[in-house]
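Each residue of the sequence shown is one higher than the one before, starting from 584 at the first, in this note's numbering.
Notes to accompany the following structure.
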Amino acid sequence: MTPVSPLAAPVQSGSLSSPMIVVSGLRKSLRTGSTTVDILKGIDFTISRGEFAAIMGASGSGKSTLLGLLAGLDNPTSGTVTLNGTAISNLGEDKLAQLRGRTIGFVFQSYQLIPTLTALENVLLPYELNGSPEHSDEAHGLARARQLLTSVGLAARMDHYPIQLSGGEQQRVALARAFILRPPIVLADEPTGNLDTANGSHVLDLLLHLNREEGTTLVLVTHDPALAAYASRRITLRDGLVIADEQQTPAPHTFAERGA
Ligand SMILES: Nc1ncnc2c1ncn2[C@@H]1O[C@H](COP(=O)(O)OP(=O)(O)OP(=O)(O)O)[C@@H](O)[C@H]1O
Ligand SMILES: [Mg+2]
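Here is the structure:
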């Protein structure tokens, strides 16, 4: 009998062309003193279920602001974000938190690990916070957390606290945490920004595995054209506007041997 890996894919329903993220007329302005800064100036796009979209653009072009709005972590000045059929702008805080918990894994540019928890406990946290019955099996959660940490090369670091981890290691813990609940959408802000080639390829393996095998919809902010080449879609921002939105053939990728 073949052992079932905790990373094994659940069957995802819905066709590849159904919209997962719909962004319509999205604007974000901020007042600083007497001036108003228009950070996003009207963004429209639709991302299908199972798509892997790379968001590119110069520093300050609005990428992190856009990702925060997609996750409902911030409110737009105008426009709407619809996730898996639900318009998030009209939801109350409780409903939004619930939807976010079940639908989105978020990897922040600044990791945001809990300093008093070990790597393993950080990865398990969403599992423990999410009270739904399918996440009540502690042994299964633990197995998946260990498998995810192993797959990003942190098998020997599971019991370390964030302060004992390098920036790149913390980034990989944050990535494992984003995937623990098998969210249908993962939003990641520069997930390989701090990684060397070997660890960058671990992370790339994990991202592509989850996108291609588990059908996770992936929106990834990156400055790295080599990473963006693996996406099926490339959206480029400049000064708060989409200046290019192209489908592309993803670069071929050979998965490295998975360690035990
Ligand atoms: N709270 C804020 N108040 C005023 N301006 C802000 C605020 N947050 C962001 N900005 C401005 O909005 C613009 C977009 O910021 P954002 O963080 O989205 O850029 P980015 O594309 O993610 O850049 P980077 O590649 O450097 O991470 C920047 O010019 C930034 O200075
Ligand atoms: Mg940013």
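Each residue gets a CB set at the ideal place from its N, CA and C atoms; glycine is no exception.
For Thr686, there is no enclosing beta strand (DSSP E); the enclosing alpha helix (DSSP H) has its first and last residue at 676-686. Counting only residues of its own chain and dropping the five nearest sequence neighbours on each side, Leu696 has a CB closer than 7 angstroms to the CB of Asn705, Pro745, Gln753, Val756, Ala757. Comparing alpha carbon positions, the residue from Ile818, Gln692, Asp742, Val786 closest to Ala636 is Ile818. No residue range can be given for Phe838, since it is assigned to no alpha helix (DSSP H) and is classified by DSSP as neither H nor E. Counting C-beta atoms within 10 angstroms of its own C-beta, Glu721 has fewer than 16 neighbours from the protein chains shown and is therefore classed as exposed.
Proximity of the region 626-641 to the region 809-816 meets the contact definition, three or more beta-carbon pairs being nearer than 8 angstroms.
With a 10 Å radius around the Cβ and a threshold of 16 neighbouring Cβ atoms, Thr800 comes out buried. For a cut-off of 8 angstroms, the C-beta gap from Gly688 to Pro766 is around 4 angstroms, short enough to register as a contact.
For the set Leu824, Glu796, Leu787, the Cα lying nearest the Cα of Ala809 is the one of Leu787. Straight through space, the alpha carbons of Leu820 and Gln830 are spaced by roughly 15 angstroms. By the Cβ-count criterion, Ser647 is buried, with 16 or more other Cβ atoms from all chains shown falling within 10 Å of its own Cβ. The beta-carbon distance between Leu725 and Ala759, rounded to whole angstroms, is 13 angstroms. This is too long to meet the 8 angstroms contact definition.
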